[in-house]
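S.K.: Residues in the sequence shown are numbered from 1 upward in steps of one, following my numbering.
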Amino acid sequence: MSVQSTEGVLAGRLVMVTGKGGTGKTTFAAALALLSAARGRRTLLCEIDNQRPSLTPIFGSEPRFGPQQVRPGLDMCNIEWEPALESFLEGLVPSRRIVKLILGNPIVSKFLDVTPGSQELVELSALGQYVDQYDMVIVDMPASGHAFSLLDITRSAMGLFRSGPVRRRASELRELLTAETTRVAFVALPEEMVVNETLETIQRMRSFELIGGEPVVYLNRATLPTLTDGERELVARLGELELDPAEAEFVRAGRWEDVLEQSTAHSRERLQQGLDLEPVLVGPVAPGRSAREVVQDVAVSLGREVGLTRRDLSWT
Numbered sequence: 001m002s003v004q005s006t007e008g009v010l011a012g013r014l015v016m017v018t019g020k021g022g023t024g025k026t027t028f029a030a031a032l033a034l035l036s037a038a039r040g041r042r043t044l045l046c047e048i049d050n051q052r053p054s055l056t057p058i059f060g061s062e063p064r065f066g067p068q069q070v071r072p073g074l075d076m077c078n079i080e081w082e083p084a085l086e087s088f089l090e091g092l093v094p095s096r097r098i099v100k101l102i103l104g105n106p107i108v109s110k111f112l113d114v115t116p117g118s119q120e121l122v123e124l125s126a127l128g129q130y131v132d133q134y135d136m137v138i139v140d141m142p143a144s145g146h147a148f149s150l151l152d153i154t155r156s157a158m159g160l161f162r163s164g165p166v167r168r169r170a171s172e173l174r175e176l177l178t179a180e181t182t183r184v185a186f187v188a189l190p191e192e193m194v195v196n197e198t199l200e201t202i203q204r205m206r207s208f209e210l211i212g213g214e215p216v217v218y219l220n221r222a223t224l225p226t227l228t229d230g231e232r233e234l235v236a237r238l239g240e241l242e243l244d245p246a247e248a249e250f251v252r253a254g255r256w257e258d259v260l261e262q263s264t265a266h267s268r269e270r271l272q273q274g275l276d277l278e279p280v281l282v283g284p285v286a287p288g289r290s291a292r293e294v295v296q297d298v299a300v301s302l303g304r305e306v307g308l309t310r311r312d313l314s315w316t
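Structure below.
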């Protein structure tokens, strides 16, 4: 069985973080970016044309197409469609004046709007340019289903265009996505539906050859085992007795802890069997934390694997 780690993820050049909505993928993307920058690598954290950027509450400013520094060694951006299209055309057409004429043509604009995959290919192309400019690029991808469609557009474009600059760019992006230095990180929760979607997405990406280096799965909000089999049996028996309110509350807490532990163990086993890899377990953070504090807590948890401390990851 393959054992994945944050150390392996941070050794890459491009890390794409995805997962079912609500699993915490933005938090993990930002946490990995903090770790990368703290290790001295010039790092870019990206969103893909997000109309309501998820990184804003974490870093206190709204990401734009052009990278902006948010911490020493760490920039962020939002790969927006229109500036990404302009950048894409400038790479194909030598004259900036002609690019402006193309962008100002309503027929061209309508064609691009209705052509399947044009937006995805342009946004991936911008991402590829950033990989050439930074030591590490970490992408807060869309949710897993949309992420698959975004990455698979390279195959579709290569089938549609037999030659020419678009075919060449799609081929270059395909090589980038399947390189060993490109990793996909999936964020899951110890819940049946989330684990099912994670398994299905990874298996689908593997079958379509959209994964370069070995993927990693972060099992977020995992509850590590603390109860022995005997303690579980005792808690179950106590739950069947008539107890005073204080005793009943104590037993309910124990039974809930048992449920969480069993759910984590079951999810871990399913991921191990379905993917032949060991997920990285990350415990829940304390309630009431701000978005920035949650990112730092997750970064500190992951940082223990790579020798970084809370002081190394401080926001001040």
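Cβ coordinates follow ideal geometry from the N, Cα and C atoms, glycine included.
Jot down the residue ranges of each uninterrupted beta strand (DSSP E) in the segment 169-216, minimum 3 residues, whole runs only, in chain order.
M.R.: 182-188
S.K.: Could you tell me the alpha carbon to alpha carbon distance between Arg155 and Asp312, rounded to whole angstroms?
M.R.: Within the sequence shown, residue 155 is the residue found at index 155, counting from 1. Within the sequence shown, residue 312 is the residue found at index 312, counting from 1. Here the alpha carbons of Asp312 and Arg155 stand approximately 41 Å from one another.
S.K.: From this set, Lys20, Thr23, Phe65 and Gln69, which residue's C-alpha is nearest Ala33's C-alpha?
M.R.: Residue mapping note: residue 33 aligns to position 33 of the sequence shown, counting from 1. That would be Gln69, whose Cα lies nearest to the Cα of Ala33.
S.K.: Quick test of your reading: Leu199 and Gly283, contact by CB under 8 Å. State the CB separation rounded to the nearest angstrom.
M.R.: Here residue 199 corresponds to residue number 199 of the sequence shown, with the count starting at 1. Here residue 283 corresponds to residue number 283 of the sequence shown, with the count starting at 1. The Cβ separation is near 22 Å, so there is no contact.
S.K.: Which partner residues does Ile153 have in the DSSP bridge list?
M.R.: Taking the first residue of the sequence shown as position 1, residue 153 is located at position 153. In the DSSP output, where bridge partners are listed per residue, Ile153 has none listed.
S.K.: Ser87: which of Met76, Leu44, Leu121 and Glu209 sits nearest, CA to CA?
M.R.: Residue 87 sits at position 87 when you count from the first residue of the sequence shown. Out of Met76, Leu44, Leu121 and Glu209, Leu121 has the C-alpha closest to the C-alpha of Ser87.
S.K.: With contact counted as at least three CB pairs below 8 Å, one residue from each stretch, are the segment 184-196 and the segment 258-278 in contact?
M.R.: yes
S.K.: State the Cα-Cα distance for the pair Arg310 and Gln296, rounded to the nearest angstrom.
M.R.: Along the sequence shown, read from residue 1 onward, the residue named residue 310 stands at position 310. Along the sequence shown, read from residue 1 onward, the residue named residue 296 stands at position 296. Rounded to whole angstroms, Arg310 to Gln296 spans 8 Å at the Cα level.
S.K.: Under 6 Å Cβ to Cβ from Glu80, same chain only, skipping five residues before and after it: list those, please.
M.R.: Here residue 80 refers to the residue found at position 80 of the sequence shown. Result list for Glu80: Asp49 and Phe65, in chain order.
S.K.: Tell me, to the nearest whole angstrom, how far the beta carbon of Ala291 is from that of Ile58; I am working on the premise that it is less than 8 Å.
M.R.: For the purposes of this step, residue 291 is taken as residue 291 along the sequence shown, with counting starting at 1. For the purposes of this step, residue 58 is taken as residue 58 along the sequence shown, with counting starting at 1. Right, the Cβ-Cβ distance comes to about 5 Å (below 8 Å), so this counts as a contact.
S.K.: By the three-class DSSP mapping on this structure, what secondary structure does Met136 have?
M.R.: Your numbering for residue 136 matches position 136 in the sequence shown. Reduced to three states, the DSSP call for Met136 is strand.
S.K.: For the segment 203-218 against the segment 158-173, are there 3 or more C-beta pairs whose distance is under 8 Å?
M.R.: Too few Cβ pairs lie closer than 8 Å, so no.
S.K.: Under 9 Å between the Cβ atoms of Ala147 and Met16?
M.R.: Reading the sequence shown from its first residue, position 147 is the one you call residue 147. Reading the sequence shown from its first residue, position 16 is the one you call residue 16. Ala147 places its beta carbon less than 9 Å from that of Met16.
S.K.: Return the CA-CA distance between Ala185 and Val216, expressed in angstroms with no decimal places.
M.R.: Here residue 185 is taken as the residue at index 185 of the sequence shown, counted from 1. Here residue 216 is taken as the residue at index 216 of the sequence shown, counted from 1. For Ala185 and Val216, the distance between alpha carbons rounds to 5 Å.
S.K.: Beta strand (DSSP E) containing Ile35: first to last residue?
M.R.: Walking along the sequence shown from the start, residue 35 turns up at place 35. With the sequence shown as reference, residue 35 is identified as Leu, and Ile is not the correct amino acid for it. Counting along the chain, Leu35 falls outside any beta strand (DSSP E), though it belongs to the alpha helix (DSSP H) covering Lys25 to Ala38.
S.K.: Per the DSSP calculation, Leu74 is bridged to which residue(s)?
M.R.: Stepping through the sequence shown from its first residue, residue 74 is reached at position 74. According to DSSP, which records beta bridges pairwise, Leu74 is partnered with Thr43 and Arg71.
S.K.: Kindly give me the distance between the Cβ atoms of Met136 and Arg41, rounded to whole angstroms, as I take these residues to be in contact under 8 Å.
M.R.: Indexing the sequence shown from 1 puts residue 136 at position 136. Indexing the sequence shown from 1 puts residue 41 at position 41. Rounded, the Cβ-Cβ distance is 5 Å, consistent with contact.
S.K.: Using 10 angstroms around the beta-carbon of Asp140, count the other beta-carbons present and answer buried if the total reaches 16, otherwise exposed.
M.R.: Position 140 of the sequence shown, counting from 1, holds the residue named residue 140. Asp140 comes out buried.
S.K.: In terms of residue numbering, what span does the beta strand (DSSP E) encompassing Leu302 cover?
M.R.: Your numbering for residue 302 matches position 302 in the sequence shown. It is not in any beta strand (DSSP E) - Leu302 instead sits in the alpha helix (DSSP H) that spans Ala291 to Gly303.
S.K.: Return no unless some Cβ of chain D is closer than 9 Å to the Cβ of Val216.
M.R.: The structure shown contains no chain D; it is built from a single protein chain.
S.K.: Tell me the rounded alpha-carbon separation between Gly213 and Gly12.
M.R.: Position 213 of the sequence shown, counting from 1, holds the residue named residue 213. Position 12 of the sequence shown, counting from 1, holds the residue named residue 12. Straight-line Cα distance between these residues: approximately 8 Å.
S.K.: Indicate the three-state DSSP secondary structure (helix, strand or coil) for Val9 in the structure shown.
M.R.: What you label residue 9 is simply residue 9 of the sequence shown in a count that begins at 1. Three-state result, Val9: helix.
S.K.: When you compare the CB positions of Glu123 and Ala84, do they come within less than 9 Å of one another, or not?
M.R.: Taking the first residue of the sequence shown as 1, we reach residue 123 at position 123. Taking the first residue of the sequence shown as 1, we reach residue 84 at position 84. With a cutoff of 9 Å on beta-carbon distance, Glu123 and Ala84 are scored as near each other.
S.K.: Considering only residues of the same chain and omitting the five flanking positions on each side of Val298, which have a CB-CB separation below 6 Å?
M.R.: The count along the sequence shown starts at 1 and reaches residue 298 at position 298. Excluding positions up to five away in sequence, the list reads Thr27 and Ala31.
S.K.: Does Val15 come out as helix, strand or coil in the three-state DSSP assignment?
M.R.: Here residue 15 corresponds to residue number 15 of the sequence shown, with the count starting at 1. Look at Val15 here: in three-state DSSP terms it is strand.
S.K.: Thr6 and Val280 - do their beta-carbons sit closer together than 9 Å?
M.R.: Start at 1 with the first residue of the sequence shown, and residue 280 comes out as number 280. Start at 1 with the first residue of the sequence shown, and residue 6 comes out as number 6. Contact: yes.
S.K.: Does the distance from the C-beta atom of Asn78 to that of Glu90 stay below 9 Å?
M.R.: In the sequence shown, residue 78 corresponds to position 78, counting from 1. In the sequence shown, residue 90 corresponds to position 90, counting from 1. No, the pair does not count as a contact, with Cβ atoms beyond the cut-off.
S.K.: Measure the alpha-carbon distance for Gly307 versus Val300 and round it to whole angstroms.
M.R.: For the purposes of this step, residue 307 is identified with residue 307 of the sequence shown, where counting begins at 1. For the purposes of this step, residue 300 is identified with residue 300 of the sequence shown, where counting begins at 1. Roughly 10 Å between the two C-alpha positions.
S.K.: Since Pro57 is in the alpha helix (DSSP H), which residue starts that stretch and which ends it?
M.R.: Residue 57 sits at position 57 when you count from the first residue of the sequence shown. Thr56 to Phe59 is the span of the alpha helix (DSSP H), which, as asked, contains Pro57.
S.K.: Counting C-beta neighbours from all protein chains within 10 Å, is the total for Leu241 16 or more, i.e. buried, or is it exposed?
M.R.: If you number the sequence shown from 1, residue 241 lands on position 241. When all chains shown are included, Leu241 counts as exposed.
S.K.: Helix, strand or coil for Glu278? Go by DSSP, reduced to three states.
M.R.: For the purposes of this step, residue 278 is taken as the residue at position 278 of the sequence shown. In the structure shown, Glu278 sits in a strand (DSSP, three-state: E or B).
S.K.: Is DSSP giving Leu313 helix, strand or coil here?
M.R.: Indexing the sequence shown from 1 puts residue 313 at position 313. In the structure shown, Leu313 sits in coil (DSSP, three-state: anything other than H, G, I, E or B).
S.K.: What do you get for Ala286, buried or exposed, if any count of 16 or more other CB atoms within 10 angstroms of its CB means buried?
M.R.: Walking along the sequence shown from the start, residue 286 turns up at place 286. Ala286 should be labelled exposed.
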